[in-house]
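Q:
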Amino acid sequence: MIQLNNLSYTFEKGGGVSNIEMSMQDDEFAFLIGPTGSGKTTLLRLIYMDLLPQVGNVIIGEYDSDGIKQKQIAFMRRKVGMVFQDYHLLEDRNLFENIALPLHVIGCSKDEIVDRVKDSLDEVGLGGKESHYPGELSGGEQQRACVARAMIKEPDVILADEPTGNLDPVTSFELIKFFEEINREGTAILMASHNYNLIKGRGHRIIEIRNGSIRKS
Amino acid sequence: MDKLAFLLSEGVKNLWRHKLTSFSSIFSIFLTLIISGTLIIVSQNTSKVIEYLRDKYKIEVFFKNEITFEKVEEVVSNINKINGVRSTTVISKDDAEKIFKSQFGEDIMKIIGYNPLPISCVVNIVKDDTKTINIASIINKLKSFQEIDEINYQGRIISRIEGYYQLFVRLMTSILIIVFFISIFTISNTIRLTIYAKEKLIESLQLIGATRSFVKAPFIIEGILIGFIGSALSSLLLIGLLEFSYDLIYTYLSFKIEYDIKLLILTLCSLSIIISFIGSSRATARFLK
Numbered sequence: 000m001i002q003l004n005n006l007s008y009t010f011e012k013g014g015g016v017s018n019i020e021m022s023m024q025d026d027e028f029a030f031l032i033g034p035t036g037s038g039k040t041t042l043l044r045l046i047y048m049d050l051l052p053q054v055g056n057v058i059i060g061e062y063d064s065d066g067i068k069q070k071q072i073a074f075m076r077r078k079v080g081m082v083f084q085d086y087h088l089l090e091d092r093n094l095f096e097n098i099a100l101p102l103h104v105i106g107c108s109k110d111e112i113v114d115r116v117k118d119s120l121d122e123v124g125l126g127g128k129e130s131h132y133p134g135e136l137s138g139g140e141q142q143r144a145c146v147a148r149a150m151i152k153e154p155d156v157i158l159a160d161e162p163t164g165n166l167d168p169v170t171s172f173e174l175i176k177f178f179e180e181i182n183r184e185g186t187a188i189l190m191a192s193h194n195y196n197l198i199k200g201r202g203h204r205i206i207e208i209r210n211g212s213i214r215k216s
Numbered sequence: 000m001d002k003l004a005f006l007l008s009e010g011v012k013n014l015w016r017h018k019l020t021s022f023s024s025i026f027s028i029f030l031t032l033i034i035s036g037t038l039i040i041v042s043q044n045t046s047k048v049i050e051y052l053r054d055k056y057k058i059e060v061f062f063k064n065e066i067t068f069e070k071v072e073e074v075v076s077n078i079n080k081i082n083g084v085r086s087t088t089v090i091s092k093d094d095a096e097k098i099f100k101s102q103f104g105e106d107i108m109k110i111i112g113y114n115p116l117p118i119s120c121v122v123n124i125v126k127d128d129t130k131t132i133n134i135a136s137i138i139n140k141l142k143s144f145q146e147i148d149e150i151n152y153q154g155r156i157i158s159r160i161e162g163y164y165q166l167f168v169r170l171m172t173s174i175l176i177i178v179f180f181i182s183i184f185t186i187s188n189t190i191r192l193t194i195y196a197k198e199k200l201i202e203s204l205q206l207i208g209a210t211r212s213f214v215k216a217p218f219i220i221e222g223i224l225i226g227f228i229g230s231a232l233s234s235l236l237l238i239g240l241l242e243f244s245y246d247l248i249y250t251y252l253s254f255k256i257e258y259d260i261k262l263l264i265l266t267l268c269s270l271s272i273i274i275s276f277i278g279s280s281r282a283t284a285r286f287l288k
């Protein structure tokens, strides 16, 4: 369902990715591993079309980056959940409002939003903390909230960019287990990390990226 | 419906979070609308004001003593043909005697034994022409009649008032244009500040699949709300002032101000929506990539 064909992108000041050939199946769990600056984030940004390839193309579901319109990118992103190292939660909104945001975008009714947010928070173990603001939550809780926000729109794939970067080893391990649960329910996961120790031995595909090129998949 | 409610509430929150900048935008749109409203009322009353002033035009023409009434009638029919003349009223020697008696309470025949008052004619000017009337040209034409001895008129003062009136309208229009653009600029700046403050929200919305119009909508709504508040305040002030000054103007000038409240409010609201929509669209187009 994700297909990257001869993908290249170079930033003006250097860096980027080149000649990336990669594909991922619908229910696959894959780790994208590589040191800082190797091109992991660039690759993820190309997949969710925050950057458009200079060479090659990205196919994600029914969407092809070749000649894609801005509006189609928005619709494509509704099928993709994103989790970031720095959470990207809105500090001036409580947990409920943060998690509900994607549902407002899709146009869900008020009642549906209330039900789905409650279920989603229960699922990530944050039930009862709806009125808490991000600053009142621990790093692990914020990351789980971020996962809940990504999951609430029932995406086909989750792209996680160093989601454990700010977490302690125990919480990081719990987050991976949580991703595995999500994956078992049929959502593809592509998680970028520079921490090989965290992901080794979990039986998932590992895609290694160095200096903007895939070394091993 | 819930989506619209969400976008509306976001717009209101934006407005509330930036009270000070929103206030400056509201004030600027308020000023624009006050000037526009004044112009609307002035234009609604333009014909009445001109009619009122021209009603005061009285060109009095005195004929030479030796001219017969029949000759006067002939001259007067020619005066009626002059461009800008609405009507004429001939005052015979007998009528003049009666007017003298009513004005001074004396019978001139008893005082000097004969009637020295000449036949005269009051020349009335057209009232409903929106263009400024050239009184000088009418006077020159009247002077060309040999039968006329003297001409009395207050045309210069009235022409001057008409000139000032036209100048006032032109000045107000120029100020309106300037303030119109200042309002657009101020609203645009307010929205720009909101956009900067909401950078994180915008980024999040874009990442979770919000379309460009969904991201823009709260900012446009914020702009329209600013316009709406500005138009409500200016409408209230203008209507209040009109109600207050209506009787005052009528008492001193016998002039009834004409205004259509519905039209006034509708025009101010439409104008405010146009200004705020242009202002906020400009900001979102420039700063929301």
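Going down the list, the protein sequences come from chains A and B.
One point on numbering: in numbering that gives the first Met the number 0, the residue at position 149 of the first sequence is 148, and numbering is uninterrupted.
One point on numbering: in numbering that gives the first Met the number 0, the residue at position 286 of the second sequence is 285, and numbering is uninterrupted.
Heads up, the beta-carbon is just placed ideally off N, CA and C, and yes, glycines get one too.
Because the structure is a prediction, the values reported are computed rather than measured.
Looking at the C-beta of Arg285 of chain B, does it have a partner C-beta in chain A at a distance below 8 Å?
A: Taking Cβ atoms only, chain A never reaches closer than 8 Å to Arg285 of chain B, which makes this a no.
Q: Would a C-beta distance cut-off of 8 Å place Gln2 of chain A and Ala187 of chain A closer than the cut-off?
A: Their beta carbons are not under 8 Å apart, which means Gln2 of chain A does not touch Ala187 of chain A by this criterion.
Q: Does the Cβ-Cβ distance between Arg162 of chain A and Val82 of chain A come in under 8 Å?
A: Looking at the sequence itself, residue 162 of chain A is Pro, so the reference to Arg does not match. Yes. Within cutoff.
Q: Closest by CA to Asp118 of chain A, which one among A:Lys176, A:Ala99 and A:Leu88?
A: Ranking A:Lys176, A:Ala99 and A:Leu88 by Cα distance to Asp118 of chain A puts A:Ala99 first.
Q: Only counting runs of 3 or more residues, tell me where the beta strand (DSSP E) segments fall wholly within the segment 139-186 of chain A, in order along the chain.
A: Listed in chain order, the complete beta strand (DSSP E) runs (minimum 3 residues) inside the segment 139-186 of chain A are 156-160.
Q: Assuming Ile147 of chain B contacts Leu141 of chain B under a Cβ cut-off of 8 Å, what Cβ separation, rounded to an integer in Å, is found between them?
A: Indeed, because the Cβ distance is near 6 Å, the residues count as touching under 8 Å.
Q: Spell out a yes or no on whether the segment 63-83 of chain A and the segment 196-216 of chain B are touching, meaning 3 or more CB-CB pairs, one atom from each, closer than 8 Å.
A: As far as the Cβ criterion goes, the segment 63-83 of chain A touches the segment 196-216 of chain B, which means the pair count is three or higher.
Q: For Ala209 of chain B, which residues in chain A fall below 7 Å Cβ to Cβ?
A: The answer, in chain order, is Ala73 and Val104.
Q: With a cut-off of 8 Å, does the C-beta of Leu100 of chain A fall near any C-beta of chain B?
A: Cβ-Cβ to chain B under 8 Å: yes for Leu100 of chain A.
Q: State the CB to CB distance for the pair Gly239 of chain B and Ser271 of chain B, rounded to an integer number of angstroms; the pair is presumed to be in contact (CB under 8 Å).
A: Not really, about 18 Å apart at Cβ, beyond 8 Å.
Q: Quick one: any contact between the segment 30-46 of chain B and the segment 251-268 of chain B, if contact means 3 or more CB pairs under 8 Å?
A: Taking 8 Å as the limit for Cβ pairs, the verdict is that the segment 251-268 of chain B does touch the segment 30-46 of chain B.
Q: Are the beta-carbon atoms belonging to Val16 of chain A and Gly38 of chain A less than 8 Å from one another?
A: Cβ distance < 8 Å, so Val16 of chain A and Gly38 of chain A count as in contact.
Q: Is the Cβ-Cβ distance between Ile219 of chain B and Ser279 of chain B less than 8 Å?
A: Yes, they are a contact pair.
Q: As a quick exercise: from A:Ile205, A:Asp91 and A:Asn4, pick the residue whose alpha carbon is nearest that of Tyr132 of chain A.
A: Of the listed residues, the one whose Cα sits closest to Tyr132 of chain A is A:Asp91.
Q: Which stretch, first to last residue, makes up the beta strand (DSSP E) that contains Asp148 of chain B?
A: Run containing Asp148 of chain B: Ile147 to Asn151, per the beta strand (DSSP E) assignment.
Q: As an exercise, report each continuous alpha helix (DSSP H) stretch of at least 4 residues that is fully enclosed by the segment 133-205 of chain B, in chain order.
A: The qualifying runs are 134-142 and 154-196.
Q: Cα separation between Cys120 of chain B and Thr31 of chain B?
A: Taking the straight line joining both Cα atoms gives about 49 Å.
Q: For Ala29 of chain A, does the three-state DSSP call read helix, strand or coil?
A: Strand at Ala29 of chain A.
Q: Identify which residue in B:Arg169, B:Leu241 and B:Tyr195 has its Cα closest to the Cα of Ala282 of chain B.
A: Among B:Arg169, B:Leu241 and B:Tyr195, the Cα nearest to that of Ala282 of chain B belongs to B:Tyr195.
Q: Rounded to whole angstroms, what is the Cα-Cα separation between Lys92 of chain B and Ile118 of chain B?
A: Distance between the alpha carbons of Lys92 of chain B and Ile118 of chain B: 5 Å.
Q: Restricting to Cα atoms, I'd like to know which of A:Phe10, A:Asn182 and A:Glu173 is closest to Pro154 of chain A.
A: Of the listed residues, the one whose Cα sits closest to Pro154 of chain A is A:Asn182.
Q: For a quick check, are the C-beta atoms of Ala191 of chain A and Leu43 of chain A less than 8 Å apart?
A: The answer is yes: Cβ separation under 8 Å.
Q: If contact means a Cβ-Cβ distance below 8 Å, which residues of the segment 18-33 of chain B contact chain A?
A: Under the 8 Å Cβ criterion, the segment 18-33 of chain B contributes no residue.
Q: Which residue wins for smallest C-alpha separation from Gly83 of chain B, given the options B:Asp106, B:Gly222 and B:Val125?
A: The candidate whose alpha carbon is nearest that of Gly83 of chain B is B:Val125.
Q: With 8 Å as the threshold, decide whether the Cβ of Lys109 of chain A is near any Cβ in chain B.
A: Judged by the 8 Å Cβ criterion, Lys109 of chain A is in contact with chain B.
Q: So if DSSP puts Asn16 of chain A in a beta bridge, which residue, or which two residues, is it bridged to?
A: Here residue 16 of chain A turns out to be Val, not Asn, going by the sequence shown. Partner(s): A:Tyr8.
Q: Between Gln53 of chain A and chain B, is any beta-carbon pair separated by less than 8 Å?
A: Not closer than 8 Å to any Cβ of chain B, the Cβ of Gln53 of chain A fails to qualify, so no.
Q: Applying the 10 Å Cβ sphere with the 16-neighbour rule, what's the burial state of Leu19 of chain B?
A: Exposed.
Q: In chain order, what residues of the same chain lie with their CB nearer than 8 Å to the CB of Cys145 of chain A, ignoring the 5 residues before and after it?
A: Contacts found: Val82, Phe83, Tyr86, His87, Leu88 and Pro162.
Q: Would you kindly work out how many angstroms separate the C-alpha atoms of Leu45 of chain A and Gly127 of chain A, rounded to a whole number?
A: Whole-angstrom Cα-Cα distance: 36 Å.
Q: Of all Cβ atoms in chain B, is any one closer than 8 Å to the Cβ of Arg44 of chain A?
A: With 8 Å as the cut-off, Arg44 of chain A does not count as an interface residue toward chain B.
Q: Does the separation of the CB atoms of Arg149 of chain A and Leu120 of chain A fall below 8 Å?
A: It is Ala, not Arg, that sits at residue 149 of chain A in the sequence shown. No, the pair does not count as a contact, with Cβ atoms beyond the cut-off.
Q: Just verifying my parser: in three-state terms, what is the DSSP assignment at Ile81 of chain B?
A: DSSP places Ile81 of chain B in coil when its eight states are reduced to three.
Q: If you reduce the DSSP assignment to three classes, tell me which class Ala216 of chain B lands in.
A: Residue state, collapsed to three classes: helix.
Q: Measure the CB-CB distance between Tyr8 of chain A and Thr35 of chain A and report whether it falls below 8 Å.
A: No, the pair does not count as a contact, with Cβ atoms beyond the cut-off.
Q: Can the beta-carbon of Ile256 of chain B be found less than 8 Å from the beta-carbon of Leu232 of chain B?
A: Contact: no.
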